[in-house]
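Undergrad: Numbering (this note's numbering), first residue to last: 3 to 880.
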């Protein structure tokens, strides 16, 4: 065996036989000590003096053991194990401090790990596709927010797929799929499902292989037998994970369709492309001339060829788009490329970084708090540390021991934090009201575990560093005296404690200002006048069955729906719409009849909504001018239209729009002007909008019933079920939603960031108050004699109390100045997240400074009051 390997194994063996080595070393030291004593006695020295001088010559038993520690195997491991045993004894002895430290560090690490799991799922972890870095999101215009502006027609899509040299393949899906537009029947149960038409190569481009069955073929996208591929969630919930599902025929919208594939659990279309929704199945998209005439309908995903960069692909797209625009008469056509990962989660990057920065600030406040507590404990352990110094422990050994204590304490707290993180990530992954992409993938994985361990070690080192270097390695003689008088704090100790309080207040100031700005923004968003009144309003999908296959039959169906719902007690208004506010949207190019438009003065785009009479009062949308739609606005009447105020101003500035003609699908007379409504989001302006009578057009997919009533949602579901079941037995009223739920879901990302940051701010405020209270209480206790002397010399209780409070407010003031200066820089990162307020909003800054000053005053009042009640005579006897 090589010498080095033999040495290694001998050291390992020695490590496990350390007790035997200790026993042999003790025997050897005792024998040597006895020989020295005997030699001195033989030379006529008194036995007691011989024992003392022998110990002096030997140098101390403990020092000899430390000097020969290398005989135990691996000295560092042995030292660490000894420090570990000592740490657990110390922590068990001071159970109160240990419990408090584990609690606050565990809460901080739990919050940090939960936020990191979000960052990991949305920004770090690659998308669940084959080679996701080569996937590119291709849109018409990347700056648009409406689907009509983002999508492209079928013709340009096929041309791009055929002519590109940058992409190995390009796929697409139909952007205007109908949410809940597929009605699954059979087995006595009707269920609304959402299906997305996709090109035959969609799953191949993404690199997704079906768990069961196969993908679509080119022939299936050109017609033939209807086939579908279902999601894993639908397979599990509706078909009990039956492997025989492949080839089975199911009935969707009264039409038999064959299941040819089941997607894997790892593929969640909605989580990536449509956050906040649920996608159940996919069908082949026919690239027909009829679909092309529908205009902009497709969203595209491409896979770059190896070696091709995104910028090279964009340069090619810029060359190809001009000829395509002329060929298909699409002057506004564009091709904007972005990496798919950036499209999915790029808009959330700043918000997630803000949350992560906030949780780091919380952890710094935790570290400062525990540093102060550790410094206080060090004062009570002064005699213990002095004894260790007396028996040979050096400064390096003391620092190592104290850092070991803090790191072990932090690692124990990390176990609590990990439990909290597991619960927090499970809650986030299953929180259906949270409209975030990739939310279902939020969980504790190896990366989160590694982060938790790293956070625990760094936290322990941070809060243990200052107490460790301040460990008293001097004044051993005075520390060992039983009756040493308390001499108070040194100026160095006071400066360190003051600096910690200042930094704690500063971090809290930054965190609270950020939280205040986001909470104010969120409240202003909630205060935004949406143009409709969501309260007391519910909505339900009521698509007519296939038996209502003509406009006349559909209108008859709608009339019966209105009649039955109108007879429900408490119903105030009811109407129909093809799309609800804050949901999917589409836009058409509109023009004022007689107006001349040019390339420099093109006709505008406006959001289109197909609605029935009764929709405006049901949604609480007020009429500004003219009249509402009526049941007589049907296919036999003259074409009419409602427009919003913005559309009226854009097309006929300074004039009344009533009676004028607007060209949309056909020339329509404007009979009413309605209030602007926020249809895209609460933060975005309404834009141009118009409303087509449902009785005069067939250009709609889904049909949503909107009911305003004085009933609770539960009562509405029950009464609507009773009223409409005779008309449509397959109607699923369990899908009834309130408009307030829709509004809440639309603002859920902003609410999520604001609430989390607000929670961190409250936690930081509690820590600051505890930290200030602890520092001032400790300072008062250490200065008992000084306070007693000042009171004996005539200082009044009120004056002492005021001096302590003013000192505390002075430290807090310095911290607030430091924090405010940092805020001016840090809050610039919040600009993109703010609504209605600026990053330097004076109201928020003043409110935060007032709160911090109040907390500092309250935290110092009790110690100051206790100090003012000290009996001078008792204090001087200490």
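Think of the CB as a built atom: it goes at the ideal place given N, C-alpha and C, for glycine as much as any other residue.
Quick caveat, the model's predicted, so the values are computed rather than measured.
With a CB to CB cut of under 6 Å and the five nearest residues on each side skipped, what residues in its chain are close to residue 208?
TA: On the chain shown, position 206 is the one that residue 208 refers to. 131.
Undergrad: State the Cα-Cα distance for the pair residue 851 and residue 340, rounded to the nearest angstrom.
TA: Here residue 851 refers to the residue found at position 849 when the chain shown is read from its first residue. Here residue 340 refers to the residue found at position 338 when the chain shown is read from its first residue. Straight-line Cα distance between these residues: approximately 43 Å.
Undergrad: Can you give me the start and stop residues for the beta strand (DSSP E) that residue 841 sits inside?
TA: As a first step, residue 841 is located in the chain shown; it is residue number 839 there, counting from the start. Counting along the chain, residue 841 falls outside any beta strand (DSSP E), and DSSP gives it neither H nor E.
Undergrad: My guess is that residue 690 and residue 606 are in contact by the Cβ rule of under 8 Å, so how many angstroms apart are they, rounded?
TA: For this step, residue 690 is matched to residue 688 along the chain shown. For this step, residue 606 is matched to residue 604 along the chain shown. Residue 690 to residue 606, Cβ: 6 Å. Contact.
Undergrad: In the stretch 148-214, which residue ranges form an unbroken beta strand (DSSP E) of at least 3 residues, counting only runs that do not cross its ends?
TA: 169-176, 184-187, 193-195 and 197-200
Undergrad: Which first and last residues belong to the alpha helix (DSSP H) in which residue 316 is found?
TA: Here the question's residue 316 lines up with position 314 in the chain shown. It spans 312-329 - the alpha helix (DSSP H) in which residue 316 sits, taken as one unbroken run.
Undergrad: For residue 837, report the span of its alpha helix (DSSP H) as first-last.
TA: For the purposes of this step, residue 837 is taken as the residue at position 835 of the chain shown. No alpha helix (DSSP H) contains residue 837, which DSSP labels as neither H nor E.
Undergrad: Just reading off the beta strand (DSSP E) that residue 611 is part of, what are its end residues?
TA: For the purposes of this step, residue 611 is identified with residue 609 of the chain shown, where counting begins at 1. Residue 611 -> beta strand (DSSP E) spans 607-613.
Undergrad: Nearest to residue 814 by CA position, among 500, 236 and 38, is which residue?
TA: If you number the chain shown from 1, residue 814 lands on position 812. Among 500, 236 and 38, the Cα nearest to that of residue 814 is on 500.
Undergrad: If you draw a straight line from the C-alpha of residue 2 to the C-alpha of residue 374, how long is it?
TA: Any property of residue 2 remains undetermined from this structure, which presents the chain solely from 3 to 880.
Undergrad: Report back the beta-carbon spacing between residue 148 and residue 587 to the nearest angstrom; my notes put them in contact at under 8 Å.
TA: One-based indexing of the chain shown puts residue 148 at position 146. One-based indexing of the chain shown puts residue 587 at position 585. So it is a contact: roughly 5 Å between Cβ atoms.
Undergrad: Would you identify the three-state DSSP class for residue 640, choosing helix, strand or coil?
TA: Counted from its first residue, the chain shown places residue 640 at position 638. It is coil, neither helix nor strand.
Undergrad: Okay, do the stretch 171-182 and the stretch 316-327 touch, 3+ Cβ pairs below 8 Å being the bar?
TA: no
Undergrad: At the level of alpha carbons, what is the spacing between residue 469 and residue 347?
TA: In the chain shown, residue 469 corresponds to position 467, counting from 1. In the chain shown, residue 347 corresponds to position 345, counting from 1. Near 42 Å, if we compare the C-alpha coordinates of residue 347 and residue 469.
Undergrad: Can you tell me which residues form a DSSP beta bridge with residue 305?
TA: Numbered from its first residue, the chain shown carries residue 305 at position 303. In the DSSP assignment, residue 305 is bridged to 137 and 171.
Undergrad: Report the option in 430, 173 and 205 whose CA atom is closest to the CA atom of residue 303.
TA: In the chain shown, the residue the question calls residue 303 occupies position 301. Checked all of 430, 173 and 205; the closest Cα to residue 303 is 173.
Undergrad: For residue 262, report the span of its alpha helix (DSSP H) as first-last.
TA: As a working mapping, residue 262 is identified with position 260 in the chain shown. Where residue 262 is concerned, there is no enclosing alpha helix (DSSP H), although the beta strand (DSSP E) it sits in stretches over 257-264.
Undergrad: In whole angstroms, what separates the C-alpha of residue 682 from that of residue 582?
TA: In the chain shown, residue 682 corresponds to position 680, counting from 1. In the chain shown, residue 582 corresponds to position 580, counting from 1. Looking at the two C-alpha atoms, the distance is approximately 10 Å.
Undergrad: Decide if the stretch 360-372 is in contact with the stretch 158-167; the criterion is three or more beta carbon pairs, one per stretch, under 8 Å apart.
TA: no
Undergrad: Run the CB neighbour count on residue 42, radius 10 Å, all protein chains shown included, and call it buried at 16 or more, exposed below.
TA: Indexing the chain shown from 1 puts residue 42 at position 40. It counts as buried.
Undergrad: Any idea which residues DSSP pairs residue 286 with across the strands?
TA: Working through the chain shown from its first residue, we reach residue 286 at position 284. 200, per the DSSP bridge assignment.
Undergrad: Return the Cβ separation of residue 628 and residue 675 in integer angstroms, given the expectation that the two are a contact with Cβ distance under 8 Å.
TA: Indexing the chain shown from 1 puts residue 628 at position 626. Indexing the chain shown from 1 puts residue 675 at position 673. Confirmed, Cβ separation roughly 6 Å.
Undergrad: On the CB-based measure, 16 or more other CB atoms within 10 Å of its CB, does residue 298 come out buried or exposed?
TA: If you number the chain shown from 1, residue 298 lands on position 296. Buried, because 16 or more other Cβ atoms sit within 10 Å of the Cβ of residue 298.
Undergrad: Measure the CB-CB distance between residue 861 and residue 802 and report whether it falls below 8 Å.
TA: As a first step, residue 861 is located in the chain shown; it is residue number 859 there, counting from the start. As a first step, residue 802 is located in the chain shown; it is residue number 800 there, counting from the start. No, these two residues do not count as a Cβ contact at 8 Å.
Undergrad: Measure the C-alpha to C-alpha separation of residue 447 and residue 517 and round it to an integer number of angstroms.
TA: As a first step, residue 447 is located in the chain shown; it is residue number 445 there, counting from the start. As a first step, residue 517 is located in the chain shown; it is residue number 515 there, counting from the start. So the alpha carbons of these two residues sit roughly 29 Å apart.
Undergrad: Along the chain, where does the beta strand (DSSP E) containing residue 601 start, and where does it finish?
TA: Looking up residue 601 in the chain shown gives position 599. Careful: residue 601 lies outside any beta strand (DSSP E) and carries neither H nor E.
Undergrad: I'd like to know if the stretch 746-758 and the stretch 434-445 are in contact, where contact means that at least 3 CB-CB pairs between them fall below 8 Å.
TA: yes
Undergrad: Inspect the beta-carbon positions of residue 836 and residue 519 and report whether they are closer than 8 Å.
TA: Here the question's residue 836 lines up with position 834 in the chain shown. Here the question's residue 519 lines up with position 517 in the chain shown. Yes.
Undergrad: Using 10 angstroms around the beta-carbon of residue 525, count the other beta-carbons present and answer buried if the total reaches 16, otherwise exposed.
TA: Translated into positions along the chain shown, residue 525 becomes position 523. The residue in question, residue 525, is exposed, as its Cβ has fewer than 16 Cβ neighbours within 10 Å.
Undergrad: Give the secondary structure of residue 663 by DSSP, where H, G and I count as helix, E and B as strand, and everything else as coil.
TA: Within the chain shown, numbered from 1, the residue matching residue 663 stands at position 661. Three-state DSSP puts residue 663 in a strand.
Undergrad: Whole angstroms is fine: what's the gap from residue 527's alpha carbon to residue 534's?
TA: Within the chain shown, numbered from 1, the residue matching residue 527 stands at position 525. Within the chain shown, numbered from 1, the residue matching residue 534 stands at position 532. Each residue's alpha carbon lies about 14 Å from the other.
Undergrad: What do you get for residue 881, buried or exposed, if any count of 16 or more other CB atoms within 10 angstroms of its CB means buried?
TA: Any question about residue 881 goes unanswered here, given that the chain covers just 3 to 880.
Undergrad: Taking its Cβ as the centre, do 16 or more other Cβ atoms sit within 10 Å of residue 646, making it buried, or is it exposed?
TA: Within the chain shown, residue 646 is the residue found at index 644, counting from 1. Burial call: buried.
Undergrad: Between residue 767 and residue 514, is the Cβ-Cβ spacing less than 8 Å?
TA: Here residue 767 corresponds to residue number 765 of the chain shown, with the count starting at 1. Here residue 514 corresponds to residue number 512 of the chain shown, with the count starting at 1. Yes, the pair counts as a contact, with Cβ atoms nearer than the cut-off.
Undergrad: Between the stretch 736-750 and the stretch 767-781, do at least 3 Cβ pairs fall closer than 8 Å?
TA: no
Undergrad: Which residue spans inside the stretch 505-571 form an unbroken beta strand (DSSP E) run of at least 3?
TA: 539-543
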